Amino acid sequence: MKLVFLAAALAITVPQPPVEAPMTKAAKEFLETLSPELRKKAQMALDSPDRSKWTYVPGDRLGVSWGEMSEAQRAKGRALLKSALSDKGVARVETIRQLELVLRQMENGNTGRDPMRYWFMFFGEPSSQNPWVWRYEGHHVSLTFSSRGDTLVGSTPQFFGSNPAEVKIDVPDKGKRALAQEQDLGFKLAESLTPSQLAEAVVAKTAPNDIVTASSRKAGIEGHVGLSYGHMTPAQRGTVRDLLRVFSEVQKPAEQDRRLKKIASEGYDHLVFAWMGPVKRGGRHYYRIQGESFVIEYDNTQEDGNHIHTVWRDYKGDFGEDLLAEHYEHDHHHHND
Numbered sequence: 214m215k216l217v218f219l220a221a222a223l224a225i226t227v228p229q230p231p232v233e234a235p236m237t238k239a240a241k242e243f244l245e246t247l248s249p250e251l252r253k254k255a256q257m258a259l260d261s262p263d264r265s266k267w268t269y270v271p272g273d274r275l276g277v278s279w280g281e282m283s284e285a286q287r288a289k290g291r292a293l294l295k296s297a298l299s300d301k302g303v304a305r306v307e308t309i310r311q312l313e314l315v316l317r318q319m320e321n322g323n324t325g326r327d328p329m330r331y332w333f334m335f336f337g338e339p340s341s342q343n344p345w346v347w348r349y350e351g352h353h354v355s356l357t358f359s360s361r362g363d364t365l366v367g368s369t370p371q372f373f374g375s376n377p378a379e380v381k382i383d384v385p386d387k388g389k390r391a392l393a394q395e396q397d398l399g400f401k402l403a404e405s406l407t408p409s410q411l412a413e414a415v416v417a418k419t420a421p422n423d424i425v426t427a428s429s430r431k432a433g434i435e436g437h438v439g440l441s442y443g444h445m446t447p448a449q450r451g452t453v454r455d456l457l458r459v460f461s462e463v464q465k466p467a468e469q470d471r472r473l474k475k476i477a478s479e480g481y482d483h484l485v486f487a488w489m490g491p492v493k494r495g496g497r498h499y500y501r502i503q504g505e506s507f508v509i510e511y512d513n514t515q516e517d518g519n520h521i522h523t524v525w526r527d528y529k530g531d532f533g534e535d536l537l538a539e540h541y542e543h544d545h546h547h548h549n550d
């Protein structure tokens, strides 16, 4: 009997290895499936300047693409995306990736439009203790995840584009709109504005050619112009909050929550809504919502208003910049102790 109690006591006191966060585990498992050659392509130092070099146009990227992987490696790649994104987010990246095949048909078989040309790239080593960053990127998708060990602390830049915004050619996906809510809610808000509200919100009669922040390493918008949240009706404020939710719901619930709580803590009264171009469907148009620490942008200014770009930028947290600053400061203090 004593032996039974002793065994029970030992079972309680033996420390269990910590459970890794799903994303850390999935990242390690993905990298472990790669050959030495592919792994070398897939990883760079955490402080590499390439960490903040990103783009959303067609072309080759750093890292390992779907086209270079075996089926087993692709399965681990899909598992990694699933560990980082909500179900809506996983569906979103897949829908946009498959639009490459629609573009191929629209462009007479252009083989440069290829759903296999999306890349996984890592900066640092996935770890439960140390900072690390990874990116998934290709035409019209760029997602960066920055972690302090097992804790995700940033998920920007977050870029999604859709060309065509609505599939109009005769294919099984005819009528599909990858970024429908972002477009519809933007118009819902703009169309609900009174003439005096529109006078504040419309900051330019012509829409820009692209999102204003483009693929800059550091996001910034000159001034803080537009219609302030405080000058909106309760229904209009609700639409603003709906847009913030739609832009963030591609992330896991905890990350959505972190983003939206941060905005609430900074105060909704800091938010401004700006529109450029005519408020009419089918034409070239642009909007953004700007807060104290972030901006979300939407533009539909190419292909006669059938080509959307959307982005969420964090002024301090893009690419894990604030995380790394904190990490190196801690290291510096540690070495000086």
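FYI, the numbering for the sequence shown is 214 to 550, going by the working numbering.
Here a beta-carbon is modelled for each residue, glycine too, at the ideal position from N, C-alpha and C.
From a predicted model like this one, the values you see are computed outputs, not experimental measurements.
N- and C-terminal bounds of the beta strand (DSSP E) containing residue i
| i | result |
| --- | --- |
| R348 | 344 to 351 |
| L244 | It is not in any beta strand (DSSP E) - L244 instead sits in the alpha helix (DSSP H) that spans 235 to 246. |
| S478 | First-last for S478: 466 to 479, but that is the alpha helix (DSSP H), not the beta strand (DSSP E). |
| T364 | 364 to 367 |
| G399 | Per DSSP, G399 belongs to no beta strand (DSSP E); it is in the alpha helix (DSSP H), 393 to 404. |
| D527 | 521 to 527 |
| S359 | 354 to 361 |
| S429 | Counting along the chain, S429 falls outside any beta strand (DSSP E), and DSSP gives it neither H nor E. |
| F333 | 331 to 336 |
C-alpha gap between residue i and residue j, whole angstroms
| i | j | result |
| --- | --- | --- |
| F336 | S360 | 11 Å |
| D386 | L402 | 28 Å |
| T357 | S478 | 24 Å |
| Q256 | E284 | 20 Å |
| E233 | D327 | 34 Å |
| R526 | D260 | 20 Å |
| K418 | V438 | 14 Å |
| A448 | L406 | 11 Å |
| M319 | L312 | 10 Å |
| A258 | H522 | 30 Å |
| M282 | E468 | 29 Å |
| H444 | G518 | 29 Å |
| G436 | I476 | 19 Å |
| V315 | Q515 | 17 Å |
| P235 | A288 | 15 Å |
| A412 | H520 | 26 Å |
Within 7 Å, strictly: CB atoms of residue i and residue j
| i | j | result |
| --- | --- | --- |
| V508 | I434 | yes |
| Y499 | P421 | yes |
| M334 | R317 | no |
| V306 | V380 | no |
| G533 | G367 | yes |
| A240 | A292 | no |
| A427 | Y528 | no |
| W332 | R274 | yes |
| E510 | V524 | yes |
| A391 | T308 | yes |
| A487 | V416 | yes |
| G290 | F243 | yes |
| S429 | V485 | no |
| R330 | S278 | yes |
Buried or exposed (CB count within 10 angstroms, at least 16 for buried), residue i
| i | result |
| --- | --- |
| S296 | buried |
| S461 | buried |
| Q464 | buried |
| E245 | exposed |
| G280 | exposed |
| E404 | exposed |
| Q342 | exposed |
| P339 | buried |
| D512 | buried |
| S248 | exposed |
| S409 | exposed |
| H548 | The pLDDT assigned to H548 is 48, lower than 50, so where the model puts this residue is not dependable, and the model offers no usable value. |
| A414 | buried |
| G490 | buried |
Enclosing alpha helix (DSSP H) for residue i [first to last residue]
| i | result |
| --- | --- |
| D512 | D512 -> not in any alpha helix (DSSP H); beta strand (DSSP E) instead, spanning 507 to 513. |
| A255 | 249 to 255 |
| M319 | 300 to 319 |
| D409 | According to the sequence displayed, residue 409 carries Ser and not Asp. 408 to 414 is the extent of the alpha helix (DSSP H) around S409. |
| V595 | Any question about residue 595 goes unanswered here, given that the chain covers just 214 to 550. |
| F460 | 447 to 461 |
| G290 | 284 to 297 |
CB contact below 7 Å: residue i versus chain B
| i | result |
| --- | --- |
| E338 | The structure shown contains no chain B; it holds only a single protein chain. |
Item to check | the segment 397 to 414 touching the segment 263 to 271, judged by at least three CB pairs closer than 8 Å | outcome: no
Checklist entry - So, do the segment 445 to 460 and the segment 490 to 499 have three or more beta carbon pairs nearer to each other than 8 Å? => result no
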